[in-house]
C-alpha cells in the first residue's frame, strides 16, 4: 500500500492536473495564442510579486539554483511557443494528449541516466500503460481521417505538440534538480519572470505592441484566471517533486487528460469517442500501478 508521503504527492499532482487542463482550455479559446501565453507569464510575474518578496526573505535560496532557473526559463519559452502553436493548429483533444504523452514517455528514460533514479518494473509498466492510453485517446478512430487527408491541416499542430512534449521532459528534469536549491514557489516565480522577459522581444517583433494591448483588453479575465491556474499547477508539481521521484510525478500528472476530456466535452462540445474512454481507463490503470508499486 502507498505510504502517506506518496498519497500526499498524489493529491498535489491531481490538483495540479486539473489546474493545468483548465488553463490549457483558456489558451485554446484565445484569439492569439502566442500573445495570450506571454500574458500568462507577465500577469503571473506581476500578480505574485508580493508573495515572492516574502518568500525571498523566508525560504532558502542557493545561488547555484539560478543556473537551473535560467535553463528552465529558456526551455519554458520554447514550451509556451510550441504549445500555443499546437493549440492554434489542432484540436485540444488531439494536441493535448500528444504533448502530454510524449513528455512522460521521455522522462523516465532521461531520469534514469541523468538523475540516477530507480524505476521498478511495475512502475515501468504503469508508465507504459499511461503513455499507450494517451496515444489511444489521440489516435483511435483517426485512420479514416488520415486516409481521407482530413488531418493535413493539423500536421503542423501535431509537430508542435511533439516539440511541446520534448520541452516537458527537459524542464521536468531541470526543475527536479533546481528545487533542491530554491524553494518551489520562489523557483517558479523567478522562472516565470525569466520567461516573460525572454519572450517579450519575439512577441513584439512577431505581433506588435498593439496586439498585446488588444489581447489584454479582450481577454483580461481569462488571462488572469489562466495565469493563476498555471502558477498553481506547476507550483504543486514542484512541491511534489521535492519528496518523490520525477519519474513518478510526470506520468501521474497526465491524469489531467481525464479533466481535459471532460472540459472538451462540456465546454468545447467535442465528441467523446470510444477511444477516448478506453484511453482514459488505461491512464487510470497506469496511475494506480505507479502509485501502489513505486
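Numbering (our numbering), first residue to last: 15 to 308.
Backbone N, C-alpha and C define an ideal beta-carbon position, used for all residues, glycine too.
In this text the structure is predicted, and so the values were computed from the model without any measurement.
**Report entry** Burial state of residue 227, where buried means 16 or more other Cβ atoms lie within 10 Å
**Finding:** exposed
Requested in this report: Would you list the one or two residues that DSSP bridges to residue 75?
Outcome: 196
Query raised in the report: Can you tell which of 289, 140, 297, 213 has its C-alpha closest to the C-alpha of residue 269?
Result: 297
Requested in this report: With DSSP collapsed to three states, give me the class of residue 131.
Outcome: coil
Report task. Quick one: using the 10 Å Cβ neighbour count with 16 as the cut-off for buried, is residue 76 buried or exposed? Result -> exposed
Query raised in the report: Which residues mark the beginning and the end of the alpha helix (DSSP H) in which residue 45 is found?
Result: Run containing residue 45: none; DSSP gives neither H nor E here.
Report task. Check residue 253 in the structure and name its three-state DSSP category. Result -> helix
Query raised in the report: For residue 235, which three-state DSSP category applies?
Result: helix
Report task. Using a threshold of 7 Å, state whether the C-beta atoms of residue 112 and residue 175 are closer than that. Result -> yes
Query raised in the report: When burial is assigned at 16 or more other CB atoms within 10 Å of the CB, is residue 283 buried or exposed?
Result: exposed
Query raised in the report: Using a Cβ-Cβ cut-off of 6 Å (strictly less than) and excluding sequence neighbours within five positions of residue 107, which residues of its own chain qualify?
Result: 278, 284
Report task. Please state whether DSSP places residue 62 in a helix, a strand or coil. Result -> coil
Query raised in the report: Are the region 201–215 and the region 44–59 in contact at 8 Å, needing three or more beta carbon pairs?
Result: yes
Report task. Report buried or exposed for residue 290, applying the criterion of at least 16 other Cβ atoms within 10 angstroms of its Cβ. Result -> buried
**Report entry** Stretch pair the region 249–257 + the region 183–195: three plus CB contacts closer than 8 Å
**Finding:** yes
Query raised in the report: Which of helix, strand or coil does DSSP assign to residue 189?
Result: helix
Query raised in the report: What residues in its chain sit with their C-beta under 8 Å from that of residue 295, if we drop five residues either side in the sequence?
Result: 147
Query raised in the report: Considering residue 280, what are the terminal residues of the alpha helix (DSSP H) in which it resides?
Result: 270–280
**Report entry** C-beta atoms of residue 184 and residue 60 nearer than 7 Å
**Finding:** no
Query - residue 257 classed as buried or exposed, judged by whether at least 16 other C-beta atoms fall within 10 angstroms - result: exposed
Report task. Pull up the distance between the alpha-carbon of residue 299 and that of residue 149, whole angstroms please. Result -> 15 Å
Query raised in the report: How about residue 225 and residue 96: do their beta carbons lie closer than 7 Å?
Result: no
**Report entry** DSSP-derived helix/strand/coil call for residue 104
**Finding:** coil
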